[in-house]
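**Q**
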Ligand code: TRP
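In my numbering, the protein residues as written are 193 to 553.
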């Protein structure tokens, strides 16, 4: 069986380092591993519109931002099809048929949708399009026969629901769709990178993000303002690692070679943590180290972005080509789906023959 990747992001803002450690960095590794036959990375503008219907301009402006972030992280148009969801009407058509296979109560149980409804104060007025976006996401995944969905933990319920739709479809209409697996980050810190304020999740609305496109100075300032251990007042005080954002970021970003380069007094992160816990290690020193690590990681991304920003028509051309390739694949799957459901009347010579014979007899 072919190994196929599909994943994507809503274009509601620039991508931040939470996206990076949660999925982007992994996608680039998977792309370069050469183990995948096809890779599709989707800018989910149609999904973004399900809770931004009144603000299409925001979505429109952020498509290029996400594309720039993708390519500056190393997604390569020679190996990966980057495309725009709304330009593939086949996805809507699939959604329409999958809707018959999902109950309202099942959608109400989707934990990610539940949280999002609360966050957006949608309780009394949920847009139908928003409520049903997990079904649309099942179309995104199955249209490409994706075997692998590299994504964060919050996408688990979506992939679960996709699997249910695949099972239901295949059992009602015959083996047609491919069951996907989610590929989660291997490291706990990457799974759920907190905002710089230590709040659960990095999010634009909380204003606690470090963006991939932030200037070196912005990044440094944000790191210096990071939430640490509020009880670690004197350098000599013992400090806590749990819930200490600076250490969570180090868990997500730092590698042994960073110690050689920037903090040779310590062999690795465990030694640094032990010193902090014992007392005698100040926040500023740890923050400066994190700043060095993060700047090193982000520098090539920033440099590549600067270059790409000088040729926006090229980036749109990449998306146009990626979208054309994605559309072809989705159209093939849709044809199979319609054949399985026997709603391919004009292509069905058997049907026409059988019915003519019925009337001749
Ligand atoms: N729900 C994803 C997000 O919030 C975006 C998305 C849409 C997606 N369709 C997808 C992710 C299919 C993985 C697979 O960013």
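Ideal placement from N, C-alpha and C gives every residue a C-beta, glycine not left out.
Whose C-alpha, out of 373, 345 and 344, is nearest the C-alpha of residue 356?
**A** Nearest C-alpha to residue 356: 373.
**Q** Which word fits residue 338, buried or exposed, when buried means at least 16 other C-beta atoms lie within 10 angstroms of its C-beta?
**A** Counting Cβ neighbours within 10 Å, residue 338 comes out buried, since at least 16 surround it.
**Q** Flag residue 201 as yes when its Cβ comes closer than 7 angstroms to any non-hydrogen atom of the ligand TRP, and as no otherwise.
**A** Answer for residue 201: yes, Cβ within range of the ligand TRP.
**Q** Just to confirm, does residue 380 get its C-beta within under 7 angstroms of one of the non-hydrogen atoms of the ligand TRP?
**A** No, Cβ of residue 380 sits at least 7 angstroms from all heavy atoms of the ligand TRP.
**Q** Do three or more CB pairs link the stretch 429-449 to the stretch 380-389 at distances below 8 angstroms?
**A** Yes: the two stretches touch, three or more of their Cβ pairs being nearer than 8 angstroms.
**Q** For residue 165, is the classification buried or exposed, using 16 other Cβ atoms within 10 angstroms of its Cβ as the cut-off for buried?
**A** Here the chain comprises residues numbered 193 to 553, so residue 165 is not present and cannot be evaluated.
**Q** Helix, strand or coil: how does DSSP classify residue 302 here?
**A** Coil, per DSSP.
**Q** What span of residues does the alpha helix (DSSP H) with residue 224 cover, start to end?
**A** Its alpha helix (DSSP H) spans residues 217-225.
**Q** Taking its Cβ as the centre, do 16 or more other Cβ atoms sit within 10 Å of residue 236, making it buried, or is it exposed?
**A** Buried.
**Q** Taking the straight line between their C-alpha atoms, what separation do you get for residue 401 and residue 388?
**A** About 7 angstroms.
**Q** Compute the distance between the beta-carbons of residue 331 and residue 385, then report whether it is under 8 angstroms.
**A** No, Cβ-Cβ distance for residue 331 and residue 385 is not below 8 angstroms.
**Q** From residue 523 to residue 531, what does the alpha carbon distance come to, in whole angstroms?
**A** Going by the C-alpha atoms only, they are around 12 angstroms apart.
**Q** Hey, out of 341, 414 and 415, whose CA is closest to residue 214's CA?
**A** Considering only alpha carbons, the answer is 341.
**Q** Within 7 angstroms: the Cβ of residue 198 and any heavy atom of the ligand TRP?
**A** Checking every heavy atom of the ligand TRP against the Cβ of residue 198, one is found closer than 7 angstroms.
**Q** What is the DSSP secondary structure of residue 376, reduced to helix, strand or coil?
**A** Coil.
**Q** At the level of alpha carbons, what is the spacing between residue 302 and residue 310?
**A** In a straight line, the C-alpha of residue 302 is about 13 angstroms away from that of residue 310.
**Q** To test your reading of the DSSP string, which unbroken alpha helix (DSSP H) runs of 4 or more residues are found completely within the stretch 224-311?
**A** Qualifying alpha helix (DSSP H) stretches, in chain order: 237-241, 248-265, 281-290, 296-301 and 303-311.
**Q** Are residue 327 and residue 291 closer than 8 angstroms when you measure CB to CB?
**A** Cβ distance < 8 angstroms, so residue 327 and residue 291 count as in contact.
**Q** Could you tell me which uninterrupted alpha helix (DSSP H) segments, each at least 4 residues in length, are contained entirely in the stretch 406-493, listed from first to last along the chain?
**A** Fully enclosed alpha helix (DSSP H) runs of 4 or longer: 408-416, 437-445, 448-454 and 461-470.
**Q** When you compare the stretch 484-501 with the stretch 262-270, are there three or more beta-carbon pairs, one atom per stretch, that lie closer than 8 angstroms?
**A** Contact between the stretch 484-501 and the stretch 262-270 is present, because at least three Cβ pairs lie under 8 angstroms.
**Q** Is residue 342 helix, strand or coil when you go by DSSP?
**A** Strand, per DSSP.
**Q** Identify whether residue 201 lies in helix, strand or coil by the three-state DSSP scheme.
**A** The answer is strand: DSSP assigns residue 201 an E or B state.
**Q** Please list, in chain order, all residues of the same chain as residue 364 whose beta carbon is under 8 angstroms from its beta carbon, the five residues on each side excluded.
**A** Same-chain partners within the cutoff: 293.
**Q** Taking all protein chains shown into account, do 16 or more other C-beta atoms lie within 10 angstroms of the C-beta of residue 320, making it buried, or fewer, making it exposed?
**A** Looking at its Cβ environment, which holds fewer than 16 other Cβ atoms inside 10 Å, residue 320 is exposed.
**Q** Flag this pair as yes or no: are the beta carbons of residue 469 and residue 431 separated by less than 8 angstroms?
**A** Yes; because the gap between Cβ atoms is below 8 angstroms, this pair is in contact.
**Q** Between which residues of its own chain and residue 533 is the CB-CB distance below 8 angstroms, once the five residues before and five after are set aside?
**A** If we look at residue 533 and ignore the five residues flanking it on each side, its Cβ neighbours are 289 and 365.
**Q** Check the DSSP bridge columns for residue 208 and list the partner residues they point to.
**A** 403.
**Q** Can the beta-carbon of residue 198 be found less than 8 angstroms from the beta-carbon of residue 333?
**A** The answer is yes: Cβ separation under 8 angstroms.
**Q** Spell out a yes or no on whether the stretch 402-410 and the stretch 448-466 are touching, meaning 3 or more CB-CB pairs, one atom from each, closer than 8 angstroms.
**A** As far as the Cβ criterion goes, the stretch 402-410 does not touch the stretch 448-466, which means the pair count is below three.
**Q** Roughly how many angstroms lie between the CA atoms of residue 393 and residue 537, to the nearest whole one?
**A** Each residue's alpha carbon lies about 49 angstroms from the other.
**Q** Would the beta-carbon of residue 209 be found less than 7 angstroms away from any heavy atom of the ligand TRP?
**A** It does not: the Cβ of residue 209 is nowhere closer than 7 angstroms to a heavy atom of the ligand TRP.
**Q** Give the straight-line distance between the Cα atoms of residue 404 and residue 274, rounded to the nearest whole angstrom.
**A** When rounded, the distance between both Cα atoms is 18 angstroms.
**Q** Can you give the Cα-Cα distance for residue 399 and residue 517, rounded to whole angstroms?
**A** Looking at the two C-alpha atoms, the distance is approximately 36 angstroms.
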